[in-house]
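Sequences listed follow chains A and B, in order.
Position 102, counted from 1, in the first sequence is what the numbering used here calls 102; the numbers after and before it change by one each time, with no gaps.
Position 94, counted from 1, in the second sequence is what the numbering used here calls 269; the numbers after and before it change by one each time, with no gaps.
Below is one structure, written out as structure tokens; comments come after it.
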Amino acid sequence: AMQADVRRTAYPDGVYPPSEDTFLLADALAKDQADHRDRDPDPDPDLVLEIGCGSGFVSATAALLFPRAVVVASDLSWRACAASRETAANHSVAGRVDVICCESAAGIRELVFDAILVNPPYVPTPREELTRALAALRRSRRGGERSDAGLDVGTALTLAWAGGEKGMEVTRCMI
Amino acid sequence: VEAEKVDVCECEFNPDFLRSMYAKLDWTAFRETALSLKLDELPETVSEEMLAGDEQFLRAFHHILLEVQIEEGALICPETGRRFPITKGIANLLLNEDEC
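Here you go:
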């Protein structure tokens, strides 16, 4: 099974770098594939969604593990989206990784995905820290359609790990 | 959809994948999007036979689904007219502060 290569993964300032939990998810995906391949005649997913793609490591890994799948990768941070696109290109899978900048899967019409991958922000934080960061995100979009500069690095990173009350607020929303 | 810059990337042709994707798509919407990009090779309706073995159809479907990529342009909401720009291949669906 193949995995993305950290050396070919883009993680500029403000983008969550590939970390222990990233690799955990990638490993779990590879193991899940092995399990399915043992049991199912048609084991691999065709359409994969990753919510919160960050550096794009997991999306690129998914595209490598499932050679015919299309991976839709979303992140609310424009920086993360650009990084994910670059990471996919570095692994020669840009044609099958579709990157969308949106909150959770808000922009994605009801599509039936075969697999949904998420490594959500899960660190317990005061609720206000999360709401403040989200407000800053929305303010950064004031008055313009483009959001290249948008969010400051600190807030961008906060949104990557701040999980609010019991670290579960973002996860609860998604479920 | 509006497109100012479209790229074509070569992708491996896989009919099984196309059949699987067809089941997930809103074909009318997909075809209309293609038409708005001046791609008119897709039929209005798709039959089981076409999916099973019409090579010409499958190749056209493959090309539009996987190989045509919009680099610069916009998605336009059919109900509100709201433009969601596509920049460097990334669709920006975030709402502005006053839209939340």
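For each residue, glycine too, the CB sits at the ideal point set by N, CA and C.
Option nearest residue i by Cα separation, candidates the options
i	options	result
Glu274/B	Leu233/B, Ala266/B, Ala227/B, Arg258/B	Arg258/B
Ala136/A	Ile175/A, Arg127/A, Asp152/A	Asp152/A
Ala63/A	Ala83/A, Ala26/A, Ser77/A	Ala26/A
Glu165/A	Ala94/A, Glu20/A, Glu129/A	Glu129/A
Leu157/A	Val48/A, Glu169/A, Leu134/A	Leu134/A
Ser84/A	Tyr11/A, Thr171/A, Glu103/A	Tyr11/A
Gly163/A	Arg172/A, Ala28/A, Val93/A, Val123/A	Val123/A
Glu86/A	Met168/A, Asp114/A, Asp44/A, Asp5/A	Asp5/A
Pro253/B	Ala204/B, Gly264/B, Ser222/B	Ala204/B
Phe113/A	Val48/A, Ala73/A, Asp32/A, Ala82/A	Val48/A
Arg132/A	Ala115/A, Thr155/A, Ile116/A, Asp38/A	Thr155/A
Ala60/A	Arg37/A, Asp21/A, His91/A, Leu24/A	His91/A
Leu117/A	Trp161/A, Arg8/A, Gly56/A	Gly56/A
Asp191/B	Thr22/A, Arg127/A, Pro45/A, Asp32/A	Pro45/A
Trp202/B	Ile265/B, Ala178/B, Val221/B	Val221/B
Ser19/A	Cys173/A, Ala105/A, Trp161/A, Pro126/A	Trp161/A
His238/B	Glu177/B, Val176/B, Arg206/B	Arg206/B
Ile100/A	Glu50/A, Cys173/A, Gly167/A, Ala34/A	Glu50/A
Gly167/A	Ile108/A, Ser140/A, Arg139/A, Arg127/A	Arg127/A
Ala115/A	Cys173/A, Val58/A, Glu169/A, Arg39/A	Val58/A
Separation of residue j from residue i, as counted between CA atoms
i	j	result
Gly248/B	Pro41/A	40 angstroms
Lys180/B	Arg79/A	21 angstroms
Val183/B	Glu242/B	5 angstroms
Asp75/A	Gln231/B	36 angstroms
Cys102/A	Thr171/A	16 angstroms
Ile245/B	Ile261/B	8 angstroms
Lys199/B	Gln3/A	27 angstroms
Leu16/A	Cys186/B	The sequence shown places Tyr at residue 16/A, rather than the Leu named in the question. Going by the C-alpha atoms only, they are around 30 angstroms apart.
Val71/A	Val97/A	5 angstroms
Ala209/B	Leu217/B	8 angstroms
Arg194/B	Val93/A	21 angstroms
Lys31/A	Leu159/A	29 angstroms
Ala88/A	Arg8/A	9 angstroms
Phe23/A	Phe66/A	17 angstroms
Ala227/B	Tyr197/B	12 angstroms
Cys53/A	Arg37/A	25 angstroms
Ala82/A	Gly264/B	9 angstroms
Ala69/A	Gly256/B	32 angstroms
Glu270/B	Gly95/A	Contrary to the premise, residue 270/B reads as Leu rather than Glu in this sequence. Each residue's Cα considered, the two are about 26 angstroms apart.
Asp21/A	Pro43/A	25 angstroms
Glu224/B	Ala178/B	32 angstroms
Ser104/A	Ala266/B	14 angstroms
Contact set between residue i and chain A, taken where Cβ atoms lie within less than 7 angstroms
i	result
Phe192/B	Asp46, Arg68
Lys180/B	None at all; the shortest Cβ gap to chain A is about 15 angstroms.
Ser195/B	Asp46
8 angstroms Cβ cut-off: residues of chain A touching residue i
i	result
Ile265/B	Trp78, Cys81, Ala82, Arg85, Val99, Ile100, Cys101
Opposing strand residues paired with residue i [DSSP bridges]
i	result
Phe259/B	Leu250/B
Gln244/B	Asp182/B
Glu177/B	Ala249/B
Ala10/A	Answer is none; Ala10/A lacks a bridge partner.
Ile51/A	Ser74/A, Val118/A
Ala162/A	Val123/A
Ser99/A	As written in the sequence, residue 99/A is Val, which differs from the Ser given in the question. Val99/A is bridged to Ala73/A.
Cross-chain neighbours of residue i in chain B, by beta carbon under 7 angstroms
i	result
Leu111/A	Lys199
Contact list for residue i against chain B, beta-carbon separation under 8 angstroms
i	result
Gly95/A	Cys184, Glu185, Cys186, Leu241, Glu242, Gln244
Under 9 angstroms from the C-beta of residue i: neighbouring residues of chain B
i	result
Ala106/A	Leu268, Leu269, Leu270
Within-8 angstroms CB hit, residue i to chain C
i	result
Ala82/A	Looking at the structure shown, chain C is missing, and the protein chains on hand are A and B.
Near the ligand MN: residue i beta-carbon under 7 angstroms from a heavy atom
i	result
Arg79/A	With respect to the ligand MN, the structure offers nothing, as it holds no ligand at all.
Review point. When you check each C-beta in the segment 21-45 of chain A against every C-beta of chain B, which residues fall closer than 7 angstroms?
Key: none
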